Structures are given as C-alpha cells and as structure tokens.
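Residues in the sequence shown are numbered consecutively from 1, following UniProt numbering.
Note that the Cβ used here is the ideal one computed from N, Cα and C, for glycine as well.
All figures in this text were calculated on a predicted structure; none of them were measured in a lab.
Input: a single structure, listed below in structure tokens.
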Amino acid sequence: MVVNVVNVVNNAQTVADRYRDFSWRQARGRSEAHEELTARISQDPEFCDLLSGSLPAGNKQQPNLLLAAVRYLDGPHAEQGPRGESAYGRWREWTIRHWDEVRTVIMRRTTQTNEPGRCATLLPLLARLPQPLALLEVGASAGLCLHPDRYRYRYRNAVTAEAGTEVGAPESPATFECRTSREAGAAAPTVPAPGAADGLPEIVWRAGIDLNPLDPAAEPDDIRWLHALLWPGDPDRAARLSAAVEAVRTAPRPRMVRGDLVEELPALAAEAPPEATLVVFHTSVLTYLPLDRREEFARLVRSLLAERPGPGHWISNEHHSVLPWITTPAHDTLRPEDGQPLTLALDERPVALTGRHGEALHWLREPAAGE
Ligand SMILES: C[S@@+](CC[C@H](N)C(=O)[O-])C[C@H]1O[C@@H](n2cnc3c(N)ncnc32)[C@H](O)[C@@H]1O
Numbered sequence: 001m002v003v004n005v006v007n008v009v010n011n012a013q014t015v016a017d018r019y020r021d022f023s024w025r026q027a028r029g030r031s032e033a034h035e036e037l038t039a040r041i042s043q044d045p046e047f048c049d050l051l052s053g054s055l056p057a058g059n060k061q062q063p064n065l066l067l068a069a070v071r072y073l074d075g076p077h078a079e080q081g082p083r084g085e086s087a088y089g090r091w092r093e094w095t096i097r098h099w100d101e102v103r104t105v106i107m108r109r110t111t112q113t114n115e116p117g118r119c120a121t122l123l124p125l126l127a128r129l130p131q132p133l134a135l136l137e138v139g140a141s142a143g144l145c146l147h148p149d150r151y152r153y154r155y156r157n158a159v160t161a162e163a164g165t166e167v168g169a170p171e172s173p174a175t176f177e178c179r180t181s182r183e184a185g186a187a188a189p190t191v192p193a194p195g196a197a198d199g200l201p202e203i204v205w206r207a208g209i210d211l212n213p214l215d216p217a218a219e220p221d222d223i224r225w226l227h228a229l230l231w232p233g234d235p236d237r238a239a240r241l242s243a244a245v246e247a248v249r250t251a252p253r254p255r256m257v258r259g260d261l262v263e264e265l266p267a268l269a270a271e272a273p274p275e276a277t278l279v280v281f282h283t284s285v286l287t288y289l290p291l292d293r294r295e296e297f298a299r300l301v302r303s304l305l306a307e308r309p310g311p312g313h314w315i316s317n318e319h320h321s322v323l324p325w326i327t328t329p330a331h332d333t334l335r336p337e338d339g340q341p342l343t344l345a346l347d348e349r350p351v352a353l354t355g356r357h358g359e360a361l362h363w364l365r366e367p368a369a370g371e
C-alpha cells in the first residue's frame, strides 16, 4: 500500500527523486506509459525545477496529480504516454506552454479514485446482514460504492473459470465480473443471499463522508477528473467507471458530508434510521490516515455501534497492513494479477481477501448467521 512521501526539502532534486521513485516502485508493471514518462521527468532537471519552484512541497507535487492534470486537459499522448525522446519533448513542450492551466488543476484537485467494482466483494456480505440496511461509507469519493443494489454482478469460479451466479439489478448498465474461490473448508456466503431479492440488499438510507466529495450526476468535470486519474492501459477500469456513473445517474444522490471521517462520523451515524441495520464501511481509505488516527476511528466505530439502539456492523476492506490487529491468514488461491489483496473484515474478523478493484473474492470463512 502506498503512503505518499511528503518532501521536507523543496528543490529540483527532491522532485526528481520522487519521480524516479514513482516510476520504479509504482508505475513499473502497471503502466508503461506512466513508468516511461515519470522516469524521463526525473532526468529532466529543468522541468523538475519548474515543478519545485511553482508547486508547494508535499501532496501537490505527487506525480499522479501532474499526470492526471495533463490528461484532464487533453494534453498530448494522454492515453499512451510518451514513447521515446521526441514524444517526451512534445509532452514537455505542451505542459510548459499550458502550465498556468495545469497548475490550476493541480491546486484545485486531489488524487482520489472511486472503484465501483469493489461492490462485487461487498455485496454478499451486505445481502446476508439483517435487512433493511442503512449504508454509511467513509471516504466515499463520488459515492459509487453506496449503490451496490444498482449494479449487476457475474461471479465466476476462480479455479475452474466456470460461470457461477449472476445477480443484481436486472436492467443495470453496469455489470461487474468477480472471480471467487475459497480456502479449503471455508464455506462461501450464498449468492444470492436467502430471502434477498435478486441477491440484493434492501437499502433504505445511504450516506457518505469525504474530504472532497465528488458528484457524478451534477458535475461532469468531476467524472472527467476521475477518468483522468485512471492509469493508461486499464480500459476495464474506465469502462466500469462510465457504466457505474450511468447506472446511478438518475438515482437520488446519497447524503454526502464534506469533512474528516473521524470528525463527521458520530453526527452522520445518528441520522441513520434506528430500525435499519447501520453498516459503516470503507474500502481503500484508512491507508490515508496515520496509525493513531486509524485506531481512534476503530474505537469510535466500536462505541458507536455498541451504543446504537438498533443493529449495526462495520465492514472494512483495506490492505492488511492498514488495520494491523485484523490478522489475515496466508492464502494460496489468489492469482498474481490480483496483486496485493485487500482484507475484507466484518466487525474486525477477516472473512475474505479481495482483489484491489473488486475483481476477486477469496473466502476465508463464512460469517456466522446474523453476524
Ligand atoms: C482511494 S479513494 C477510495 C474511494 C472509495 N472508497 C472507493 O473504494 O472507490 C480514498 C478516498 O478517501 C478520502 N479520504 C482520505 N482521507 C480522508 C479523511 N480523513 N476523511 C474523509 N475522507 C478521506 C479521499 O478524499 C478519497 O476520496
């Protein structure tokens, strides 16, 4: 899991180091375009001088932010990235010529994604909790994961590649594929869940908290920004994003609160209808908080759910290093392309390992009934 490095010293060399690090550690193996581009930037002292001289040190110097800003503004080679010296020259010349616009985007935006495909890993858990549900997502971004009942899902056996169950909203324009497997002896929660229509949970209330909530229906620029942040060479991810935006376009927008997830959680949770099962959940979010803040969040969720008059649960889907007290057993059936999996935990007990973008679900155990 990547934690952003914050420069203490702001000069061309620290920027160059940061781009080289990004190229080697993050882009290599994931995006040739980004790997090449950031490697060339790291060897371009004049361009690094521009970056260090006109952007404040810290998050605004993240390579991802510059790359996305140029793509957002339809800069050259937005999809493929430079290939060779002359292509880099064109990218560089365009970026310098449009620097005021690029800088404005960098200063106004933050790196944030929203991966609706993760709903494929949340759905079986949500569908088997006592219904109806009140969903509260912290770090909700554009809120696309707050609509698990508005997508379709195709679950396929990861080992035999056999097609399994297809569930979800029948007319949805978004269908998410998910490979499933399980540890020997672990039973997987039934999909569809017994009693849930179309395998879907019944959601009566949805709300989200984000430092910077995006609005997929009312702000087309927000969606363009989310697309710009996706790395070149991953058309499936872009297609999932577009399809999910289409699927929720006419749906009522969940209640979205701007602010810090620890600060805002108690008041927002108090708004959830008491007769519904409150589900506080998050996917790929707590990594952005320092460990002591994650512990504070954990204490808050525990006490909030314990004191709530109605039922409540906590679902976390984070890299195992993020909540280190939730220990994840070793596993052997995820595939190399699943990369570093996330740990899906229900009330701090791991139930599955999941692909980073919801493409895989490896069950470790079946949650007890009503858990
Ligand atoms: C990687 S995105 C994941 C978004 C979404 N959960 C998903 O899985 O698609 C992380 C989100 O967490 C938000 N975030 C980070 N720190 C936060 C904080 N302290 N309070 C609220 N939101 C935060 C970011 O703004 C961003 O939208």
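Contact belief for residue i with residue j at Cβ below 8 Å, rounded distance in angstroms
{"i": "Tyr155", "j": "Gly164", "result": "4 Å"}
{"i": "Ser52", "j": "Asn11", "result": "5 Å"}
{"i": "Leu304", "j": "Ala207", "result": "The pair is not a contact, with the Cβ atoms about 14 Å apart (cut-off 8 Å)."}
{"i": "Pro132", "j": "Ala276", "result": "5 Å"}
{"i": "Ile203", "j": "Val138", "result": "Their Cβ separation, rounded to whole angstroms, is 17 Å, which puts Ile203 and Val138 out of contact at 8 Å."}
{"i": "Pro252", "j": "Ala142", "result": "Not confirmed; about 15 Å, so no contact."}
{"i": "Trp363", "j": "Arg182", "result": "4 Å"}
{"i": "Tyr88", "j": "Arg40", "result": "5 Å"}
{"i": "residue 375", "j": "Gly75", "result": "Because the chain in this structure spans residues 1 to 371, residue 375 falls outside the shown range and cannot be described."}
{"i": "Leu291", "j": "Phe297", "result": "About 11 Å; that fails the 8 Å criterion."}
{"i": "Glu162", "j": "Tyr153", "result": "In fact, because the Cβ distance is near 16 Å, the residues do not count as touching under 8 Å."}
{"i": "Phe176", "j": "Arg240", "result": "7 Å"}
CB contact flag (residue i, residue j, <7 Å)
{"i": "residue 455", "j": "Asp222", "result": "As shown, the chain starts at 1 and ends at 371. That puts residue 455 outside it, with no answer to give."}
{"i": "Leu286", "j": "Arg299", "result": "no"}
{"i": "Ala120", "j": "Gly358", "result": "yes"}
{"i": "Glu219", "j": "Pro173", "result": "no"}
{"i": "Val257", "j": "Leu265", "result": "no"}
{"i": "Ala134", "j": "Trp205", "result": "yes"}
{"i": "Leu346", "j": "Pro254", "result": "no"}
{"i": "Ala16", "j": "Ser54", "result": "no"}
{"i": "Ala244", "j": "Pro116", "result": "yes"}
{"i": "Thr111", "j": "Gln61", "result": "no"}
{"i": "residue 375", "j": "His77", "result": "The chain is shown from 1 up to 371; residue 375 falls before or after that span and cannot be answered."}
{"i": "Pro274", "j": "Gly310", "result": "yes"}
{"i": "Pro148", "j": "Leu129", "result": "no"}
{"i": "Thr328", "j": "His320", "result": "yes"}
{"i": "Val248", "j": "Val280", "result": "no"}
Residue i: CB within 6 Å of a non-hydrogen atom of ligand 2
{"i": "Glu359", "result": "Only ligand 1 can be found as ligands here, which leaves ligand 2 out of the picture."}
Of the listed residues the options, nearest to residue i (C-alpha basis)
{"i": "Asn317", "options": "Ser284, Asn59, Arg25 and Arg258", "result": "Ser284"}
{"i": "Arg118", "options": "Leu344, Ser31 and Pro76", "result": "Leu344"}
{"i": "Ala169", "options": "Pro290, Gly199 and Arg249", "result": "Gly199"}
{"i": "Arg109", "options": "Cys178, Leu50, Ser42 and Leu226", "result": "Leu226"}
{"i": "Ala360", "options": "Gln61, Asn157 and Glu296", "result": "Asn157"}
{"i": "Leu211", "options": "Leu323, Ala239, Ser86 and Leu261", "result": "Leu261"}
{"i": "Val105", "options": "Leu73, Glu85 and Leu122", "result": "Leu73"}
{"i": "Ile315", "options": "Ala306, Ala57, Arg349 and Ala27", "result": "Arg349"}
{"i": "Glu85", "options": "Asp44, Pro124 and Leu125", "result": "Asp44"}
{"i": "Thr14", "options": "Asp49, Trp24 and Ser23", "result": "Asp49"}
{"i": "Leu125", "options": "Arg356, Ala57, Gly58 and Pro201", "result": "Pro201"}
{"i": "Ala306", "options": "Leu278, Trp325, Ser242 and Leu323", "result": "Leu278"}
{"i": "Gln26", "options": "Asn64, Asn59 and Pro56", "result": "Asn64"}
{"i": "Thr160", "options": "Phe176, Thr180, Glu171 and Phe22", "result": "Thr180"}
{"i": "Gly355", "options": "Arg20, Cys178, Asp21 and Trp24", "result": "Cys178"}
{"i": "Glu79", "options": "Ser242, Ala238 and Asn59", "result": "Ala238"}
{"i": "Ala140", "options": "His282, Trp325 and Pro324", "result": "His282"}
{"i": "Pro56", "options": "Leu323, Glu46, Ala272 and Met107", "result": "Met107"}
{"i": "Thr250", "options": "Ala272, Leu144, Ile326 and Glu101", "result": "Leu144"}
{"i": "Glu35", "options": "Glu46, Phe22 and Val322", "result": "Phe22"}
{"i": "Arg308", "options": "Pro324, Trp325 and Ala272", "result": "Ala272"}
*If you scan the stretch 141–180 from start to end, which runs of the beta strand (DSSP E) of 3 or more residues do you find wholly inside it?*
152–157 and 163–168
*With a cut-off of 8 Å, do at least 3 Cβ pairs link the stretch 230–248 to the stretch 17–36?*
yes
*May I have a chain-ordered list of the alpha helix (DSSP H) segments no shorter than 4 residues that lie completely inside the stretch 293–352?*
none
*Is it a yes or a no for the stretch 59–70 touching the stretch 82–102, going by three-plus beta-carbon pairs under 8 Å?*
yes
*Please specify which runs of the alpha helix (DSSP H), each continuous and at least 4 residues long, are wholly inside the stretch 258–283, giving them in chain order.*
261–270
_List, from N- to C-terminal side, the beta strand (DSSP E) runs of 3 residues or more that fit wholly inside the stretch 84–140._
Within the stretch 84–140, the runs of beta strand (DSSP E) at least 3 residues long that lie entirely inside it are, in chain order, 133–138.
*4 or more residues per run - each alpha helix (DSSP H) lying fully within the stretch 43–80*: Taking only runs of at least 4 residues, the alpha helix (DSSP H) segments lying wholly in the stretch 43–80 are 45–54 and 63–72.
*Complete runs of the beta strand (DSSP E) confined to the stretch 192–234 [at least 3 residues]*: 203–210
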